[in-house]
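Residue numbering for the sequence shown follows numbering that gives the first Met the number 0, starting at 0 and increasing by one per position.
Ideal placement from N, C-alpha and C gives every residue a C-beta, glycine not left out.
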Amino acid sequence: MSNPILIDPLRYAREGRAQSGKFAVAALDARVLSDLADERGEVSWTLTGFVDALYRPCLRLVLEGEVTVACVRCLDNMAFRLETDSVITLFTDEAKMEAAVEADESLDAVLVAADEEFDVAALIEDEIIMGLPLSPSHGECGEEHLLRAKSDRLNPFAVLATLKGSKSE
0 MSNPILIDPL RYAREGRAQS GKFAVAALDA RVLSDLADER GEVSWTLTGF
50 VDALYRPCLR LVLEGEVTVA CVRCLDNMAF RLETDSVITL FTDEAKMEAA
100 VEADESLDAV LVAADEEFDV AALIEDEIIM GLPLSPSHGE CGEEHLLRAK
150 SDRLNPFAVL ATLKGSKSE
């Protein structure tokens with residue numbers, strides 16, 4: 000994404016700041032678009048800073064939107080409702096971060112420098128990628144989808160027959 004949204008993550012969390020916005024799918028980075036079937040849609044986001052019960056600065060990112068992915072079974076485009084809600088715990092000390100992650104494997108932790116700026120737009124793109132299904136499918140692809148997908152593929156034996164026919168000529 001060409002327009003970064005820069006924050007001081009530690010200050011943002013400690014002050015309990017919040018902001019929200021929307022991104023057109025077409026404006027996302029190529030690494031996100033490569034996982035999508037087309038560029039239609041919009042993703043809404045909300046970023047809230049807070050301090051958790053253990054007095055650690057955290058960022059909560061909520062994403063909602065609809066994107067288009069390709070079904071792995073029939074290869075047709077399908078709408079996918081993207082809904083993520085993630086909490087990122089911020090650490091300035093690597094040893095403390097490693098100990099916290101070891102104690103709680105579900106903890107999503109990030110190491111940040113005390114004066115470092117954080118690109119919220121890049122974080123949103125990462126969360127979109129992680130929120131996409133690994134193998135999207137319609138569940139039960141209709142017979143017409145499967146027949147069309149099969150008819151679009153070249154029959155390998157037909158290809159061999161054409162090669163054999165052109166060789167004997």
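Secondary structure note for Val100: its alpha helix (DSSP H) is the uninterrupted segment 93–102. Within the same chain, and ignoring the five residues on either side of Ala113 in sequence, the residues whose Cβ sits closer than 6 Å to its Cβ are Thr91. In the same chain as Met96, and ignoring 5 residues on each side of it, the C-beta atoms closer than 6 Å to its own belong to Phe90, Ala108, Leu110, in chain order. Assignment of beta-bridge partners to Asp118 by DSSP yields Leu5. Burial is judged here by how many other beta carbons sit within 10 angstroms of a residue's own beta carbon; Ala12 has at least 16 and is buried.
Ala69 sits in a strand when the DSSP states are folded into three classes.
The criterion of a C-beta distance shorter than 9 Å is satisfied by Thr67 and Arg39. Shortest Cα-Cα distance from Ile87 to any of Glu101, Arg72, Trp44, Leu60 involves Leu60. If you draw a straight line from the Cα of Ser136 to the Cα of Leu9, it is about 40 Å long. For Arg80, the uninterrupted beta strand (DSSP E) segment begins and ends at 76–90. Val100 and Leu106 have their C-alpha atoms roughly 6 Å apart.
With fewer than 16 other beta carbons inside 10 angstroms of its own, Pro3 counts as exposed. Counted as a single uninterrupted DSSP element, the beta strand (DSSP E) harbouring Ala23 occupies residues 17–23. Ser43 is bridged by DSSP to Lys21, Glu63. Between Glu41 and Gly64 a beta carbon distance of about 6 Å is seen, short of the 8 Å cut, so the two are scored as contacting. Relative to the Cα of Lys21, the nearest Cα in the group Leu32, Glu14, Ser43, Glu82 belongs to Ser43.
Contact annotation: Val50 and Gly15 have beta-carbon atoms nearer than 9 Å. Of all alpha-carbon atoms in Ser33, Asp37, Ile128, Asn76, the one lying nearest the alpha-carbon of Thr83 is that of Ile128.
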